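Trainee: Everything in the sequence shown is counted per my numbering, starting at 2 for the first residue and increasing by one. So that we are looking at the same thing, I have put the structure below in structure tokens.
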Amino acid sequence: MSSRFKPLLAVLACCFASTLIAMDEDEAPRLEEPGSIIKRFVEPLTRPAHSPVRSLLSSDAEHASSIGPVLTPDKPVYVLYYQSAKPGAEEINCVLEQGRVFVNYEEPHDQTKMPMVKIRPIDGKTRIPFLIRASLSPTEAVSSQSSLFLFIRVPIIFSPRLDIRRVHIGAKRVDFKVTAGFDDGVYSVMVPLSALPASKPDIRYPVEIILEGSILLNDYSILPPDQFVNFDSPIDSRLVSSARLAPGRDFLGPEEEVQLRQLAEEISKLTKDQYQQLLLVHRVTSAKITYFNNNMNRTAVQVLTEAIGDCDDYSRVMVCLLRALGIPSRMAVGYLYDFNNMGAHGWVEAALNSRSGKPHWFICDPTLASASQDRDYFVQFRNRIYLYPLRMDVKIQNLAADYRVETLLNWAGKDKLEKLPAASLPALVNSFNESLHLSFAQTISQMQQQNLALRRQFLFTPGASYILADRPISGENSHMALSIDSDERMVAELAVNDDDYGLDSPEDQQVVSLLKDAYQHLKQEPFQGSEARFCLELAYFRDRFSDRLQRVRLRVSRYLVEQHLKAIVESFQKSGLLTEAEATRIASLHQVCAGKNLYYLQELARLAPPPPAQVPATPEPTENSGKTGQISEKR
């Protein structure tokens with residue numbers, strides 16, 4: 002073994018032994034100071050349950066509503082996306098969840114960047130019925146190799162099962178093939194399109210392809226340690242790749258492989274029980290790496306050598322050590338949600354054999370554990386802060402085509418989807434769209450009639466905000482604006498008009514004070530004892546050269562805007578940030594929009610044709626006017 006790895010082996014071997022002793026004596030291991038970005042997520046989790054502070058988002062339903070779009074049991078979600086060579090302005094990819102529309106306004110035509118439906122570990126033990134309609138317009142002849150593929154990825158912790166009941170092309174029921182991926186939770190459904198040659202005169206495009214089925218999710222449960230048993234040899238073929246070290250993926254060169262295997266051997270000397278081995282790996286990974294946000298691509302041995310890293314690095318080290326021990330594991334990628342912002346995050350999914358004879362997958366998070374005194378708290382972790390992406394993507398292969406895909410998840414009607422006749426399935430999607438568009442059209446008409454269409458901050462900039470109120474503060478130097486941004490948040494911002502200025506005047510300082518007062522008031526006072534600080538953000542921006550204050554921004558989350566706009570407007574009006582007339586207009590807009598989609602509806606109103614001009618009514622002719630007309634005609 003290379004001499005540069007010997008000190009690392011000695012240090013880690015000592016660490017494993019001391020950690021085992023410390024745990025036996027109920028002594029907490031030495032805690033490296035993690036970055037504040039990690040403590041921000043950990044502190045709400047480890048706060049005592051009897052804490053006198055109650056978050057406004059305490060329930061799971063409120064938590065889901067504050068994120069969106071999140072798939073929760075029995076809550077319908079509609080996903081629409083296009084694949085087109087030349088997308089039209091109206092071809093916007095979007096997600097509709099509980100009447101709320103989610104769009105990436107900056108890149109509305111990029112399918113890979115559209116809002117993603119997410120699912121939490123607590124939302125298992127359910128069945129997700131789905132209906133997919135793909136409207137296909139080929140731009141070349143269909144070949145025998147042309148196919149439609151549905152790719153599905155569901156979190157493995159739910160032990161998901163896919164059931165495709167029927168596939169129709171037009172009115173004809175067709176065959177399909179379901180293939181389970183190399184990993185559990187990954188499926189592909191292949192539908193041959195060879196029956197649709199473009200040369201057939203009786204084929205009208207677009208052709209509709211309907212897929213109907215369901216996904217069954219088991220509950221993500223926590224098992225007592227005595228319910229785990231070691232994997233027998235040979236291991237299940239589906240788990241082999243995740244239970245073995247692989248060159249290029251887990252290590253570079255024979256030296257690193259030897260190093261990982263020797264570390265695994267040291268662990269095995271301490272305990273033969275695989276659950277205890279996993280605990281040791283988790284404890285040491287979280288204790289011996291200091292959090293450091295970075296973009297470096299390093300191997301597990303390199304991370305251990307440097308002893309710093311971010312969530313990817315923590316997870317990579319733990320996964321490689323578990324694989325060296327023969328324990329199936331893999332890195333999971335998703336998001337953490339701390340009630341205000343979502344952050345991309347990586348964690349570990351590990352599997353141990355249960356007494357039932359089936360592998361049990363669960364979450365481990367050495368990154369969050371690095372900020373906690375109780376590191377084992379994050380082994381078999383089950384919490385709503387994790388957001389997994391739920392992927393259901395339709396792709397057309399070996400055929401150039403434009404297509405539109407609509408997906409209905411958790412659709413709830415009088416009859417279950419599988420009970421509906423095939424002929425009624427397209428009509429179901431059509432009726433959904435028609436009622437949706439009719440509702441939006443009526444709202445836009447009311448907005449136009451009541452003069453509630455707002456001014457856009459920048460006319461041609463994608464995702465530019467809509468101005469609710471705007472006024473100068475210090476002459477031409479600064480202004481204060483209240484707006485709705487493309488994430489449906491309300492933003493009150495005081496800013497300079499030019500980088501040469503600072504918020505130095507007494508008028509500016511007064512508005513800064515008003516913004517601070519509004520923030521303090523909104524945190525708790527309007528919500529009957531519940532605090533809303535996780536839904537608010539007060540930020541200060543300074544010039545990087547002169548350190549002069551140039552912008553102060555108070556941002557209110559979409560959840561508060563939708564659920565508590567009246568309290569927000571009253572607070573702003575009380576603080577002097579809004580006039581009575583401005584507050585009345587905002588309240589009217591919120592009422593017309595039914596409290597949802599303020600930005601989206603403004604976008605629709607901006608692109609909608611103006612209302613027809615009112616033609617003045619013609620007065621009824623009188624007896625004299627009629628006679629005058631007759632005389633004129635004679636002349």
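C-beta: ideal position from N, C-alpha, C; glycine also. Nothing here was measured: the structure is a model prediction, and the numbers come from that model.
1) Helix, strand or coil for P427? Go by DSSP, reduced to three states.
2) For the 8 Å Cβ check, are there 3 or more pairs between the region 127-135 and the region 171-183?
3) Give, in chain order, every unbroken run of the alpha helix (DSSP H) that is at least 4 residues long and sits entirely within the region 244-311.
4) Between S330, M332 and G171, which has its C-alpha nearest Y206's C-alpha?
5) So which of R385, F42, A493 and I587 has the shortest CA-CA distance to S67?
6) Which of helix, strand or coil does DSSP assign to I93?
7) Roughly how many angstroms lie between the CA atoms of D164 and I216, to the nearest whole one?
8) What does the alpha-carbon distance come out to for the pair V285 and Y315?
9) On the three-state DSSP scale, how would you describe A606?
10) Would you list the one or two residues that DSSP bridges to C321?
11) Cα-Cα, which of P122, K270 and S531 is closest to S160?
12) Let me check understanding here. Comparing Cα to Cα, which of D185, R543 and A533 lies closest to P329?
13) Could you give the distance in angstroms between the alpha-carbon of R586 and the alpha-carbon of E435?
14) For L418, name the three-state secondary structure that DSSP assigns.
15) Which residue comes first and which comes last in the beta strand (DSSP E) that contains K396?
16) Determine, using beta carbons only, whether I39 and Y292 come nearer to each other than 9 Å.
17) Output the boundary residues of the beta strand (DSSP E) element that contains A493.
18) Going by C-alpha to C-alpha distance, which of S432, A533 and S547 sits closest to L561?
19) Taking the alpha-carbon of R250 as reference, which of M332, D311 and P612 has the nearest alpha-carbon?
20) Taking the C-alpha atoms as reference points, what is the distance between Y79 and L97?
21) Please go through the same chain and pick out, in chain order, the residues whose beta-carbon is closer than 6 Å to the beta-carbon of S173, but skip the five residues on each side of it.
22) According to DSSP, is V43 helix, strand or coil?
23) Between the C-alpha atoms of K126 and S547, what's the straight-line distance to the nearest angstrom?
24) If you run the structure through DSSP and keep just helix, strand and coil, what is I123?
25) In the structure shown, what three-state DSSP assignment does D233 receive?
Mentor: So, from the listed chains and residues:
1) helix
2) no
3) 254-271, 275-289 and 301-307
4) G171
5) R385
6) coil
7) 6 Å
8) 10 Å
9) helix
10) Answer is none; C321 lacks a bridge partner.
11) P122
12) D185
13) 29 Å
14) helix
15) R392 to Q398
16) yes
17) M491 to V497
18) A533
19) M332
20) 5 Å
21) This sequence places Lys at residue 173; Ser is not what is there. Excluding residues within five positions, none has a Cβ falling inside 6 Å.
22) helix
23) 56 Å
24) helix
25) coil
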